[in-house]
Every structure is written in structure tokens, then in C-alpha cells.
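58 is the number that full-length UniProt numbering gives to position 58 of the sequence shown; each next residue is one higher, with no gaps. Ideal Cβ placement from N, Cα and C applies to all residues, glycine included.
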Amino acid sequence: MNADADDNPSMWAVHASKRRGGGGNGRRKIEIKKIQDNKTGLIVTFSKRRTGLFKKAMEFCNLDGGGAEVALITFSPSGRPFSFGKPSPDSVVLRYLTTPQRVKDTTPPKPQKEEEGEGFLWEKGIKNLDAEEVEEYKDALAELKKKLVFRIAEIRVRSANTRNFF
């Protein structure tokens with residue numbers, strides 16, 4: 001019987017799992033979905049995930065000499081806020097809100113021909129533009145509109161987040 005077990009690879013797997021004590025409900029990947037029917041399970045899951053997030057935030061803070069400042073705010077299923085911050089959540093959020101945003105424009109600057117008397121397109125007047133300049137003007141206005149819509153959304157989100165935390 002021992003010879004059969006040594007020759008059969010499927011038996012090795014059975015023996016190996018028995019030695020490791022396998023078959024438990026250890027760490028495994030689960031589908032992330034909202035838990036609706038089990039309130040206790042929801043609270044337990046939130047608590048475990050919150051603890052895991054806070055541990056990861058602490059590890060991140062301690063990387064490379066601990067120079068990183070982190071704020072993490074989570075809300076329980078009942079709406080109660082929990083926060084973690086290093087040095088403190090308030091100081092990190094305040095610093096974020098008071099630091100001027102310096103977003104770099106990724107589009108290359110268009111060369112200005114000041115020597116030739118050419119300025120911005122909107123300074124010329126639309127009637128004096130040729131077809132190519134009208135296309136440039138239209139594209140520039142479309143890009144400006146995108147940036148304005150993005151900036152307005154950014155301000156609204158920041159305003160809503162500020163009202164929730166302070």
C-alpha cells in the first residue's frame with residue numbers, strides 16, 4: 001500500500017494537504033459586493049477592511065524614513081466617520097485644502113509672435129480670421145471649455161468633501 005501511495009501523484013497532494021492542515025477558510029480572494037441582508041456581517045467586514053486600510057496607511061507612512069503625510073477617512077455603514085492620519089487627519093486635510101494647486105498643462109505652449117504684432121486669437125476679431133485660424137480658435141475654445149468643466153467639478157467635489165468633514 002505504501003508503494004502505491006508513493007507512485008500516485010494525487011495521493012501526494014492529499015498527504016501534503018493533511019500535513020499543512022489545509023482545507024480551512026484562511027485568506028482567500030472574495031468578490032467585492034455590497035452586503036445587504038446580513039447587518040452583522042456588514043459591520044464585521046467594515047471593521048476588518050478599516051483595520052486593514054489603516055495598517056496599510058501606517059506602513060506607507062513609515063516607508064522611506066516616515067516622511068509621508070497621510071489622511072484616511074472611512075465611513076461605517078451607519079455613517080459614522082473613522083479617520084487615520086499622520087501626523088493627524090486634521091493637519092493633513094488642512095494642508096491639502098490650503099496648498100495652492102499647481103496643475104501643469106500638458107499641452108505645449110503655442111509660440112507667440114509678438115514681433116509680428118500677432119496676439120491671442122480672441123483679440124483679432126472673428127471676421128478677420130481665415131479658415132485655418134477659425135479651426136484653431138474653435139479647438140482652443142473646446143479645450144478651454146473642457147478645462148473649465150473639469151475645474152468646476154473639482155471645486156464642487158472639494159466643497160462637498162469639506163462640508164462633510166468639518
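Residue of the options minimising C-alpha distance to residue i
i    : options                : result
S88  : F75, V70, R80 and I152 : V70
N62  : I43, G79, V149 and K86 : K86
R158 : G67, K39, E136 and L97 : L97
M58  : E143, S83 and N128     : S83
L42  : T99, E136 and G79      : G79
G67  : K33, L144, V92 and R49 : V92
D90  : K34, S76 and L72       : L72
P100 : I155, V134 and E132    : I155
I32  : K39, T74 and T45       : T45
D37  : F54, P77, P81 and R95  : P77
For residue i, three-class secondary structure by DSSP
i    : result
S47  : helix
K86  : strand
I73  : strand
V157 : helix
E115 : Note that E115 scores a pLDDT of 46, beneath 50, so its modelled location is shaky and nothing firm can be said.
I152 : helix
For residue i, the first and last residue of its enclosing alpha helix (DSSP H)
i   : result
T98 : P89 to T98
Residue i CB to nearest heavy atom of the ligand GDP below 6 Å
i   : result
K48 : Ligands are entirely absent from the displayed structure, and the ligand GDP is therefore not among its contents.
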